[in-house]
Every structure is written in C-alpha cells, then in structure tokens.
DNA sequence: AAAGCATACTAAACCGATTTATTGGCTGTG
DNA sequence: CACAGCCAATAAATCGGTTTAGTATGCTTT
C-alpha cells in the first residue's frame, strides 16, 4: 500500500501555477502513471487495485486538483469528443436557434464543438470541413449549407437537400408546410397570392418553391409569375424582403396575400406594404416562415409556418453522436423529416371583397 | 537527393481512407520525419535542406493531401490555437452579435473557438472555464458573465464589471449612454419617465441603472420609484418586458416615456402599452438599448441606444490574442471603453401636452 | 515441492507531431 | 595530412496521457 509523500509537495504544487500532470501525481503518490490512470478512468484494468489504494489515488487527484490534459487523451484514444458546426452566419435567427439546440444535446453528452461561419463564400465552404477534420472533429453538422466533398467522418445536414453518400439530412416536410400555409390563405378567401422566393444559395429555396407550386395547384390557385419575387443579396436583414416587395408592388399586379420565404423577409415586406398604404391584414395578409423569436412580437404579430429549429438542432446532434458511436460500416438514416406547424397570429385575415 | 518510391503507394494511399501521417509521408519520400516537418513548417532549421528536396517534400505533401494532426501539434507545442467563449445563451440578439464579431477576428488569425452557454446556472459558470482549460484553450472570452475564479489564462470580459486580476473588461460608456437617451427624451419634453431595469444576474444592470440615475439628476428629472420596474426571469423573450410593463401601467402612475433595459424588453413593453390603448409614440415614447437587428424593423421602428456589439466582439478577440502573444508577466489593459450611439427612429416623439 | 492462481502493480509502447543534438561525408585550408 | 567548417540530413527526446503485456509476491492446491 503506497503512502503519499509529505504534504509539502502538495501545498507547493497547489500554490505554484504549475498544472498537475499524471506524472507528477503518480510521483507524489509513489505509484506508476499506469496505476493512477487506470483508477482515474475507472478502467476495467483497475479492478485488481485494492479499494484502499483507489481511494488514496482519487483523494490525491482531488486535492492536487488534477485534470487530465484533453489533448493528450484525445491523441492517444483517437477520440476528441469534439464536433464541428458549419453555419452560413451566426448572428441570424435561424442559425442561432439551431445552434442552441445542438449545444443542448452536445454538452450534455460531454462533447464540445467548433463553430465556423462561411458567409456563403465557396472557398470557405470547401476549406472549413477540412480544417475541422484536421482538428480531429469526430463529426460535422452543416446548417443550411451544401457541403460538397464527401466527408470521411459522419455528417448531418440541417436543411441540406442533396443526396450525398455519408450524409444524414434533417429536413422539414415542405409539402406539408406549403399546404398548411396555402390552405390557411385560401380558406380566408385569398386567390391572388404573391410569393417571395429565397436566394439561390439557400438550400431550402428550390424545394420550398416546388412545394408551394404543388400546393397551389392542388388548391386550384393560379400563380402569376409577375407576383413572384426573389430575395437577392447575402445579408440576412429584412431590407431584402423590403426591396423585393417594393418591386412586386411597383409591378402593379394586385394581390391580397403574400407568402414570404422567411420571417425576416416577411418583416421587410410588411414595412414596404405599409409604406404603400396597405394595411396588414386588412388589405394584404402576410405569412412568414421559420417562426423566429421576434415573429411573435411584430406588430401585427406574424402568422408563420413554424420550423422546429431548436428541435432540429437537437435531433442533428443526437443523430450525429449515434452515428459516431456506431461502427463505420453501419447503416445510417439518409433523411429525417420533421413536421412544420402553422402559427396563426395577426398578420393574416379574410381577403378583402 | 531522395527520390519518391513508386507511384503505387501514392495512389493506394489516396484511394484508401487512411489519413496520411507525417510518418507515412516521410517513408514515402525516403526521408526522416524531422526533415519533412522542418520543411512543411518552414522552420529556420530547414535552411540546410536544398531547395530541390524542399520542393519534392512539398509536392508529395500536396499530392498525398497531407494535413498535420492538430492535436499532436498542439500537444507538442503547448499551443492549441483555440479559445473558449462563455455566453449566457445562444440567442438571436446580444450574444450572437458579439460572437459574430469574435469569430471574424479569430478565424482570420487561425484560431478556433469553443462556445458554451451556461443559462445563468452558477455551477456551469464555475465549471465551464475549468473544462475549457482542460481542453487547453489559450484564453477565454466571457460575454455578459461574471467569471468568479481568477483564471490562469488570459480572460477578456465583454460587459463584465468586476475588477478581477487577470481580466480585461470591455465595457460601454454607460454614463454617456444614459445621457444620450435621457437628453433625447427631455428635449422632447418628457418629464415623467418610466424605467425597466435588467435582471439581477445581468452584469450590466447595476451600472446602467446607476448611470441613468445620474443622468436624470443632472437633467433635473425626478425618478419615481413606482415608475421603475425590473425584468424577472431567465428567458430572453419580450414577454418579460411585456409583464413588467403591464405592472407599471397597473400601478396607475402616469408616464409619457419609457426607457427599457434592452430592445427585447422594449418590444414587449410596446405590446403591453398598445394593449392598454396607448399609441407609440403619440402617448408614450419608448427607448430601447442594444440596437439588435430587429430593432430597426419593429413597428414603429425602435429608437435605441446602440452598443457596438459586433465591434466589442472583435475588440475582445483582438485584445485576447494580443494578451496571449505577450509574455505572461506583461502588462495588460484592465478596461477598454467603447462608445454608444443614439439611434433615433420612430418610437419616440414629443411629449403629449 | 511444484504448479496454479489471484493480487498489486509496473515497464514500455503508442498516439502524431516538433525540436534539439548529433552524425557522416565532403571540401577547403594551414 | 590533420582539422575545421559546412552540408544534408537523422536519431531521439518530448508533449501527457492510455493501454497492453508482463512481473513479483504470496497463497492455495495437488
């Protein structure tokens, strides 16, 4: 049974800013590094070490405030307990909500994560996954970003829509989302509906527009091309929605409702409509998409199709960790579909007669 | 002069998912790891290696797509090029803007960062800095968070207000901020002004309130305690501002202007005032704080005291990296003050007579 | 008394880099 | 011809852990 050396070493070490290493801890205990490591990690190999000694080791570790160097451990174990998150931009409502869901699950499981934002620059979208892999992340989550190269590590995409080998896509049921919004508007009597499509680079743009066209057709609503605008520019400000709505108004085509690509653009659209003298929802009803935090606190409060963004983030993290734990050749889900919800607030109303 | 072995090894390695290590690269080249490392890193030690060989090494590295393992490098060099960012929560507003500024500067300098959010739970505020240090971060940025223990690594606090040894505080000039807002309101003729204070846990609450009281006194405005409310609860939703404003209204004390703790609560306040039949700004003027993205797109657009949050994030990152680069005993700034700006929009107007 | 077995550990390899000290060959010089 | 000095590298230590294989000791069993 080992006995710790005099308390002096302990105190001096505590006083000095020196970090305690396994080596110094083992020396202080008069044991080998191996023994200490086994006990600290509660490895199966520690079962031959008497409880008395184990207790001594743990106590010394506590007193010396020993904290294993995570880098060294990761290197040896080939496990970093770290993942990478790639987002277009951090300051935006969308990404922030998804990230907060991701974080929730990850930290709970002892994982940390790196965030990088590419701001839609292609070379960064290429480079960041490589840089992250160089930093030994065990998996990637891409938010609203089309990762190009097949990754050698598990990858979960939130709102990605490409079928890439090795990727799990977490996607909204866009057909249902479009139907919810369009049914809501048609039930209110709207027939002349304007639309704002997303930017070309947004991974949701194509599928969402496709879904809207289907839903419109199913409901017998004709889409007038001159009542369809598209967001342009990389900023995530309502200004984009404002500008495109100005154009829609200027085109002179009458519409009684507008279905925007997202809440941000819906907010800009409302501003533009109001400046043109249209009251919301008396003259024009507006439906947003996403249900970001501030949607509920617009004036009028925004009717919107809610994406469960936080849940999607949690789901992404959960799925990723499951894939990391599974053997590399194991099967994995190609797609996970989540359901939208229509949140009826005050920006929609009966169509004017 | 070494000559690479046959191309077969190259192709097979490229085909296999095996990551290329320094060892395998050196073997392939018929050189030692040391030589390859020196060349790849352009170390001074590489100057004795002929350019011809250097070129061969670099070319092989490119072809085999060699990427040094960052963990191993960090371990050896005792530098991780990683910092930790501690925020209360990853939300749309405050923290996201600061983070985006931090990111801007960090990634540019080759640093990555971990984010953790503590949601105001004390044990997490205690634990996360330790966990981050275990992961060998070289410095910490704390956003709106009072880090308790003195850290062994450089620490920059955004809106921290404690004088802790080892900490650089990035703070707003609160005196000026309060003066800007109060002068604006008094010039518009307001005398009966209500206030919403921040939650107890927010590190800005105390100093901002102190500044407001000073500014009020200097301008000859009396503060009526029954016209002062305080945010309660941990959520970052406008609901908190809504609730406290309801109470203020219920108390029956008349006021013609309201200065909220932040934009989020101002938005809730406007909702509450409107429900009580007050028009903004005809009956009541409202001033927010922060200038978050959606402030400009409220209806009416919010007059607010702008904090340069993105710039504060960038400044924090810049300061931190400078401190990391400096020798440990070097002097460092205890406080860096940034200036607010009054953004006049449509939620304030002349006081009703 | 030899073999078998559990107990209580330890030595040493290993993860993948960086970095210091050293080596062997060659050329030029006193 | 011995010696210094340069060139072109290399061997080996190191970072701080984890993990495998092994060893010394004592006790029981045949």
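Residue numbers (our numbering), protein chains in the order written: chain A, 1 to 353; chain B, 1 to 353.
Even glycine gets a Cβ: it sits at the ideal position worked out from N, Cα and C.
No experiment lies behind these values; they were computed from the predicted model shown.
Comparing alpha carbon positions, the residue from B:179, B:165, B:161 and B:77 closest to residue 171 of chain B is B:161.
The distance from the Cβ of residue 284 of chain A to that of residue 257 of chain A is about 6 Å, consistent with a contact at the 8 Å cut-off. At least one C-beta of chain B is nearer than 8 Å to the C-beta of residue 72 of chain A. Residue 117 of chain A: not part of any alpha helix (DSSP H); member of the beta strand (DSSP E) spanning 112 to 117, first to last residue. The beta carbons of residue 81 of chain A and residue 112 of chain A sit closer together than 8 Å. Taking every protein chain shown into account, the CB of residue 198 of chain A has 16 or more other CB atoms within 10 angstroms, so this residue is buried. Sixteen is the threshold: when 16 or more other Cβ atoms of the shown chains lie within 10 Å of the Cβ of residue 288 of chain B, as they do, the residue is buried.
Straight-line spacing of the CA atoms in residue 309 of chain A and residue 202 of chain A works out to 16 Å. For the segment 241 to 269 of chain B, the set of residues with a beta-carbon nearer than 8 Å to any beta-carbon of chain A comprises 267 and 268, in chain order.
Residues of chain A with a Cβ closer than 7 Å to the Cβ of residue 135 of chain B are, in chain order, 70 and 112. Residue pairing by DSSP places residue 143 of chain B opposite B:158 in a beta bridge.
For residue 41 of chain B, the nearest beta carbon of chain A is not closer than 8 Å to its own beta carbon. Using a Cβ-Cβ distance cut-off of 8 Å, the segment 299 to 306 of chain A and the segment 317 to 334 of chain A are not in contact, since fewer than three pairs of beta carbons, one from each stretch, lie closer than that value. In the displayed model, residue 274 of chain A falls within a helix according to three-state DSSP. In chain order, 293, 294, 296 and 297 make up the part of chain A whose C-beta sits under 9 Å from the C-beta of residue 238 of chain B. Non-local beta-carbon contacts of residue 211 of chain A in its own chain, meaning distances under 6 Å to residues more than five positions away in sequence, involve 174, 175 and 178 in chain order. For residue 115 of chain B, the nearest CB of chain A lies under 8 Å from its own CB, placing it at the interface with that chain.
For the pair residue 64 of chain A and residue 25 of chain A, the CB atoms are nearer than the 8 Å cut-off. Cβ proximity to chain A below 8 Å picks out 97, 99, 100, 103 and 107 from the segment 97 to 110 of chain B.
A distance of 8 Å or more separates the beta carbons of residue 349 of chain B and residue 274 of chain B. A straight line joining the alpha-carbon of residue 184 of chain A with that of residue 351 of chain A spans about 11 Å.
Pairing residue 261 of chain B with residue 193 of chain B gives a Cβ-Cβ distance that is not under 8 Å. By the Cβ-count criterion, residue 294 of chain A is buried, with 16 or more other Cβ atoms from all chains shown falling within 10 Å of its own Cβ. Straight-line measurement puts the Cα of residue 154 of chain B at about 11 Å from the Cα of residue 330 of chain B. Among the residues facing chain B, residue 80 of chain A is included, as its CB has a counterpart in that chain under 8 Å away. By the neighbour-count definition (other C-beta atoms within 10 Å, threshold 16), residue 41 of chain A is an exposed residue. For residue 324 of chain A, the secondary structure class from DSSP, reduced to helix, strand or coil, is helix.
DSSP places residue 125 of chain A in the helix class (H, G or I) of the three-state scheme.
Not a single CB atom of chain A sits nearer than 8 Å to the CB of residue 203 of chain B. Distance check between residue 169 of chain A and each of A:326, A:54 and A:312 places A:312 closest, using alpha-carbon atoms only.
Inclusion of residue 96 of chain A and residue 90 of chain B in the CB contact set at 8 Å is warranted, their separation being smaller than that value. Taken through DSSP and simplified to helix, strand or coil, residue 40 of chain B comes out as helix. Within the same chain, 219 come within 6 Å of residue 186 of chain B by CB-CB distance, once the 5 residues on both sides are set aside.
Under the three-state reduction of DSSP, residue 258 of chain A is assigned to strand. Taking a C-beta distance under 8 Å as the contact criterion, residue 60 of chain B and residue 28 of chain B qualify as a contact pair. Residues of the segment 270 to 288 of chain A whose Cβ lies closer than 8 Å to any Cβ of chain B, in chain order: 270, 271 and 274.
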